[in-house]
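Worksheet: the structure to be examined is printed underneath.
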Amino acid sequence: MSDTSPSDIRQAERFRDDTSSRGEDAVDLRGIIITLRKYKWPIILTTALATAITALVVSSITPEYRSTATLLFEDGKTKTGFENPFVEFGQSKQDIQTQVEVLKSRTLAERVVVELDLKSHWEYNRLLPVPDQYQDVGPLSKLRKQVKSLLPAGSDPASEILAADEQYLQDQMVRKLMDRTSVFPLKQTNLVKVSVDGVDRILATRIANGIGDAYVSYQLEKSDGRNSEAKAFLQSKVDELKVKLEEAEQSLLAERRLVGISGDGGDYLNQTIALFNNRLVDAKTNLEVARIQWNEVRTVQALPASTNGQVTLAEVGGSAEVLSGYQYVGTAAEVLPVVDSNPLVQRNKQLVQESRRQLDELRNRYGRKHPRVVDALSNLETATGNLDRQIANVISSTEKEFLAAQRQVRSIEADIRREEQKQYSMSEGRVAIKEVELTRDSTKRYYEEALSELRDYQEKDLQSVPMAISDMAAIPETPVRPKKTLMVMLGFLLSLFGISSLLFAYESMKETVQGINDVEKKLGIPVFGIVPVIKSSLFGRKTVPLIPGEFDDKRGAFEEAIRTIRTSATVTDLEQHQQVIMVTSSVPGEGKSTVASNLAYSMSKLENVVLIEADMRRPGLGKALGIKTHGLSDLLEGESYLEDCMRFDAIGKLDIIPAGRIPESHLELLASPEFAELIDLLKSRYDRVVIDLAPVQAVSDAIVVGKYADSAIFVIKADSTAMPVVRRGVDRLREVGINVAGAVISQVDLSKISSYGGDYYYQGYYDYYGYGDSASKSRKRQKKPLVRDDSTFAAQSRRREEKRDAKKISDLRDRRERRDPSIGGDTVA
């Protein structure tokens, strides 16, 4: 039963492939959509299968976690001064990048491997067994284990090398750690992130934090060496400059002696200036001591209130409720040498400690609200106040002493300058003395700067590293690999793209008939129509009916298609009368006999038509009609007459000449004068003669018979016959002057009309079509007329026409009686 309708046929007739010819550069979107629609189920199934396999593989991958620690590189304090190659500067972009490379270095990785003892962990030491919880996971784990169990057990060369070579094992662990560690700085910040990947997320967290600790220890060791070198360098420079300064002083004294000998008052001025210089040295020494003490005091005063502020009983509440937790904290200024060495401060500290001890004893003995406890608390507060006041006095006196020392140095320097000015004004050699003084002052300045930097290195703690761990690495909760959703989606897209690309390539390489436009453009012949396949009732098998009405075509798709072909052939007939039409194809199995029989049957409804089954090599029409008597081969060999071979009204009003028995010389019979005589006879008695011929590519029957035909209809099986094969068949007909009026695309599945598919290549057609190994011999036959009695044949034809006229009259009478029952039969007669 057909599942298509006449509207489907009309739609199919209007269907034209917009697919551009192969080789054109334009992208055919409609062709792409058609291909996707055609192969949607293979694409869907293949993509689903590939996606499922990807999901299985991804689920079987052991997850890896990533733990990240954040390091902060603080800005170092910039130093300026004497030419010190070890001076430190603040963190720049290049400095941070340098530290990033240090974090990535092999040296640091080796330190981490040793400090964290990664040799004892299975993830870095292949010689250790993998714990059960980290074994293969997922649905494929069992299959993988079974495959491993089937494989022969053998030694692992890599494991043997690791066990034998300790250094090689160490290198492998360091290399694995470096591969799993990623370090990258954050833009526009001094932050650096250190990430470590691993299967054991706890170990990955330990390593991420351990890298920061290892970096600190590494920098401290490096800093120790640098500080030692810096101190040695500065000490050597100080010693060198001290010698130069002494030499400059001696040179200056010598110049001044010369000036004092040659001028009045020179000796006195030299002695005065020397005295002032001695006093200046002592004053500067006192100033340097006072400066150090005052800097210490200023450093303590700059600390936050929580560390340098005074903590007294008033600050903790001053009530009995808090006495149980009270301890005297004191002030940060107490630790200063200038304060701690003061006798009064030491005495007051002892009093505070004694008062606190008495308070603790009384509190434990009498409780918190006892009068003696209150008195002891008052004594402690008094002692604490005295201590604070004394500390404040010491601090105040420190500042005063520093300011006084500064004033004394300035005063002595002013006296020296005044006396020197007197000497310069008196000395004729003051220019020489000035030059020596400039040299002395320059050397002295360099000496003081070097000495100051040396003191800074000695006083300050250079063991600090300008780096801190901003965020400690936390144990990760979700794995970083594999990204299951991404990998499954990637597998889905790749499989979809892959199978689609393969199908597009397959479609582009196909050479079968892809549509009506394909035939018209490449063959240059019009398409009369298409013949759909009919779904039979037996298991829904699709086929084409050789005999009209063989299958139940309830929707009329097949009949509509044949009528369309008939109309196209009739329209062609208007330009040039085509009484004899032959139907052929390129290769067997394309449905030419079906087209010939059904086209002849459709034409017989409008005119007198005879169908000749000239395909005597593999006849099928006679067998399908159950005709077992004589046929065309018997007629042409002279063994039967036309009236014996003709089957009048075999299918409706269609007369048929079956092929008869299979002769030994098919081509000779078709090329005989008897066949030409037969065609002339049938042309005189029928309006249309349709000849079913063997395929062009298989044999030359169509070439021989073509000279008797007015036109030829070429049948092409959709989605099967290769276009080069079809082109060769059509060219063979055209070469001998046969008019190929049009083509018919047969066996079209209308449910898949959006595209044609498949491929078919010409192989073994001669063997398939009956030309085997044995050669046939022509039989001698006797010349015999085609018609036994022409009057008898004519009488049979007249009787058939009379029967048709009687039937027409009967049908007319029936129609009139239905319209008007009062009309009798005589009226019609």
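All residue numbers for the sequence shown refer to this note's numbering, where the first residue is 12 and numbers rise by one. Backbone N, C-alpha and C define an ideal beta-carbon position, used for all residues, glycine too.
- N-terminal and C-terminal residue of the beta strand (DSSP E) that residue 624 is part of: In this chain, the beta strand (DSSP E) harbouring residue 624 covers 620-624.
- Query: Where residue 285 and residue 406 are concerned, what is the direct C-alpha to C-alpha distance, given to the nearest angstrom?
  - Reply: Distance between the alpha carbons of residue 285 and residue 406 is about 35 Å.
- Query: Quick one, which of 305, 721, 458, 283 has its alpha-carbon nearest residue 428's?
  - Reply: Answer by Cα proximity: 283.
- Using the C-alpha atoms, what's the distance from residue 443 back to residue 455? In this model, residue 455 and residue 443 are separated by some 18 Å (Cα to Cα).
- Any idea which residues DSSP pairs residue 204 with across the strands? According to DSSP, residue 204 bridges with 81, 195.
- Task: With DSSP as the reference, please indicate the residues paired to residue 45 in a beta bridge.
- Result: Residue pairing by DSSP places residue 45 opposite no residue, since no beta bridge is assigned to it.
- Inter-residue CB distance, residue 644 and residue 670 (contact presumed, cutoff 8 Å): The beta-carbon separation of residue 644 and residue 670, rounded to 6 Å, stays under the 8 Å limit for a contact.
- What residue range is occupied by the uninterrupted beta strand (DSSP E) comprising residue 506? Following the DSSP letters along the chain, one finds residue 506 in no beta strand (DSSP E) but inside the alpha helix (DSSP H) bounded by residues 495-520.
- Message: For residue 665, list the residues DSSP reports as bridge partners.
- Response: Residue pairing by DSSP places residue 665 opposite 662 in a beta bridge.
- Contiguous alpha helix (DSSP H) assignments of at least 4 residues, all confined to the stretch 399-441: Within the stretch 399-441, no complete alpha helix (DSSP H) run reaches 4 residues.
- Let me know the secondary structure DSSP gives residue 523 once reduced to three states. Looking at residue 523 - three-state DSSP - the assignment turns out to be strand.
- Message: According to DSSP, is residue 55 part of a helix, a strand, or is it coil?
- Response: Look at residue 55 here: in three-state DSSP terms it is helix.
- Query: residue 739 to residue 702, Cα distance in whole Å?
  - Reply: Cα to Cα, the separation comes out at about 21 Å.
- How should residue 195 be labelled, buried or exposed, when 16 other C-beta atoms within 10 angstroms of its C-beta is the threshold for buried? Exposed, by the Cβ-count rule.
- Task: Compute the Euclidean distance between the alpha carbons of residue 122 and residue 367, then round it to the nearest angstrom.
- Result: Cα-Cα distance, rounded: 50 Å.
- Does DSSP classify residue 615 as helix, strand or coil? For residue 615, the three-state secondary structure derived from DSSP is helix.
- Query: To the nearest whole angstrom, what separates the beta carbons of residue 201 and residue 484, a pair I think is in contact under 8 Å?
  - Reply: About 19 Å separates the Cβ atoms of residue 201 and residue 484, ruling out a contact at the 8 Å cut-off.
- CA-CA distance, residue 660 and residue 514? Between the alpha carbons of residue 660 and residue 514 lies a gap of roughly 50 Å.
- Buried or exposed: residue 76, going by 16 or more other Cβ atoms within 10 Å of its Cβ? Counting Cβ neighbours within 10 Å, residue 76 comes out buried, since at least 16 surround it.
- Message: So, at 8 Å on beta carbons, what are the nonlocal neighbours of residue 197 in its own chain, with the 5 sequence-adjacent residues on each side left out?
- Response: Excluding sequence neighbours, residue 197 sits near 203, 204.
- Would residue 690 pass as a contact of residue 717 if the rule is Cβ separation under 7 Å? Cβ distance not < 7 Å, so residue 690 and residue 717 don't count as in contact.
- Option in 409, 451, 373, 287 with minimal Cα separation from residue 258: Looking at the Cα atoms, 451 is the closest of the given residues.
- Message: Rounded to whole angstroms, what is the Cα-Cα separation between residue 317 and residue 225?
- Response: At residue 317, the pLDDT of 48 sits below 50, so the modelled position is not reliable and the matter cannot be decided from this model.
- Alpha carbon to alpha carbon, what distance is there between residue 382 and residue 373? Distance between the alpha carbons of residue 373 and residue 382: 10 Å.
- Message: Please classify residue 628 as buried or exposed, where buried requires at least 16 other C-beta atoms within 10 Å of its C-beta.
- Response: Around the beta carbon of residue 628, 16 or more other beta carbons lie within 10 angstroms, which makes this residue buried.
- Task: Compute the beta-carbon to beta-carbon distance between residue 617 and residue 667, rounded to the nearest angstrom, for a pair I have assumed lies under 8 Å.
- Result: Contact doesn't hold; Cβ gap of about 17 Å is too wide.
- Query: Between 56, 45, 70, 752, which lies nearest to residue 540 when the distance is taken from Cα to Cα?
  - Reply: Per the C-alpha coordinates, the member of 56, 45, 70, 752 positioned closest to residue 540 is 752.
- Would DSSP call residue 579 helix, strand or coil? For residue 579, the three-state secondary structure derived from DSSP is helix.
- Task: Out of 665, 265, 676, point me to the one whose CA is closest to residue 648's CA.
- Result: Comparing C-alpha distances from residue 648 to each of 665, 265, 676 shows the shortest one belongs to 676.
- Task: Assuming residue 596 contacts residue 725 (C-beta within less than 8 Å), just tell me the rounded distance between them.
- Result: In this structure, residue 596 and residue 725 form a Cβ contact; the two beta carbons are roughly 7 Å apart against a cut-off of 8 Å.
- Message: I'd like the list of long-range same chain contacts for residue 495, defined as Cβ closer than 6 Å, with 5 residues on each side in sequence excluded.
- Response: Around residue 495: 69.
- Item | Residues sharing a beta bridge with residue 573, DSSP | In the DSSP output, where bridge partners are listed per residue, residue 573 has none listed.
- Message: Given this structure, state the Cα-to-Cα distance separating residue 734 from residue 630, to the nearest angstrom.
- Response: Taking the straight line from one Cα to the other gives about 26 Å.
- Message: In whole angstroms, give me the CA-to-CA distance for residue 67 and residue 508.
- Response: Spanning the two alpha carbons is a distance of roughly 20 Å.
- Helix or strand or just coil, what does DSSP make of residue 711? Three-state result, residue 711: coil.
- Please classify residue 217: is it buried, with 16 or more other beta-carbons within 10 angstroms of its beta-carbon, or exposed? Flag for residue 217 reads buried.
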